[in-house]
Amino acid sequence: GQNIDQPTEMTATEGAIVQINCTYQTSGFNGLFWYQQHAGEAPTFLSYNVLDGLEEKGRFSSFLSRSKGYSYLLLKELQMKDSASYLCAVRQNNNDMRFGAGTRLTVKP
Amino acid sequence: EAGVVQSPRYKIIEKKQPVAFWCNPISGHNTLYWYRQNLGQGPELLIRYENEEAVDDSQLPKDRFSAERLKGVDSTLKIQPAELGDSAVYLCASSSPYEQYFGPGTRLTVT
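In order, the protein sequence lines correspond to chains R and A. The opening residue of the first sequence carries number 3 in the numbering used here; numbering runs sequentially from there. The opening residue of the second sequence carries number -17 in the numbering used here; numbering runs sequentially from there.
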């Protein structure tokens, strides 16, 4: 089986930094993806990690530790438009993708 | 370059009626996924295609759902007959080795 766990909700202040964690259990790991999803819209691809370490893309960074089954998405200089759900997804060797339930982030002024 | 295209965007039908969703993936993406997403949850995989072959349909309710991907490009997902519990957003996605992109989805309401 495959379990993907992430917090249900988080709140942060505009301009601050927030870290959204994701833990997973899977066989045949072949990559971890983060997506942003605004209400009523489709998920938007943010990042992809397959090796351990940190991937940085502007205000967003994603970290992976395969030995710990752990990833996080780091959002810096938070803006109001960052209020959305953030989905963690794990791909297995056979290309199967499984998603977590998502973390609803609320950015407050 | 065009992204993943889906149609229709919205569909309202009565229960027991059939419905079909269409997806055109990003050019060159051999892997195509159909997901169902309920409110407040992550996407749930229904079926995955590698080219024209359905390689994972274990989550597809085969008594009423069917899918095809003729010629390994466009795909169609069908529900017949629809039930009230099928109301959800149906997402199509296509992927390369390093990224996966979603279409805008079809919001299905069964009344």
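All residues carry an ideal CB built from backbone N, CA and C; glycine is no exception.
Can you give me the C-alpha to C-alpha distance between residue i and residue j, rounded to a whole angstrom?
i     : j      : result
R/F35 : R/T108 : 21 Å
A/A36 : A/Q23  : 25 Å
R/L53 : R/V92  : 13 Å
R/N95 : A/P0   : 35 Å
R/E11 : R/C24  : 13 Å
A/S40 : A/R51  : 17 Å
R/A44 : A/N20  : 12 Å
Applying the 10 Å Cβ sphere with the 16-neighbour rule, what's the burial state of residue i?
i     : result
A/Y80 : exposed
A/I29 : buried
R/M99 : buried
A/D45 : exposed
Taking only beta-carbon positions, decide if residue i is within less than 7 Å of chain A.
i      : result
R/G104 : yes
R/F65  : no
R/N5   : no
Taking 7 Å as the threshold (beta carbon to beta carbon), is residue i in contact with chain R?
i     : result
A/E34 : no
A/L66 : no
A/T91 : no
A/Q41 : no
A/L21 : no
A/Y80 : yes
Just checking my contact of residue i with residue j at CB under 8 Å: how many whole Å lie between their CB atoms?
i     : j     : result
A/P25 : A/L73 : 6 Å
Practice problem: Please list the segments of the beta strand (DSSP E) lying wholly inside the segment 0 to 32 of chain A, counting only runs of 3 or more residues, in order along the chain. | Solution: Whole beta strand (DSSP E) segments, 3+ residues: 1 to 6, 13 to 19, 26 to 32.
Exercise. Quick one: which unbroken beta strand (DSSP E) runs of 3-plus residues sit fully inside the segment 49 to 80 of chain R? Chain order, please.
Key: Entirely contained in the segment 49 to 80 of chain R, the beta strand (DSSP E) runs reaching 3 residues are, in chain order, 55 to 59, 62 to 67, 72 to 77.
Self-check item: Uninterrupted alpha helix (DSSP H) stretches inside the segment 44 to 87 of chain A (no shorter than 4 residues)
Solution: Runs found: none.
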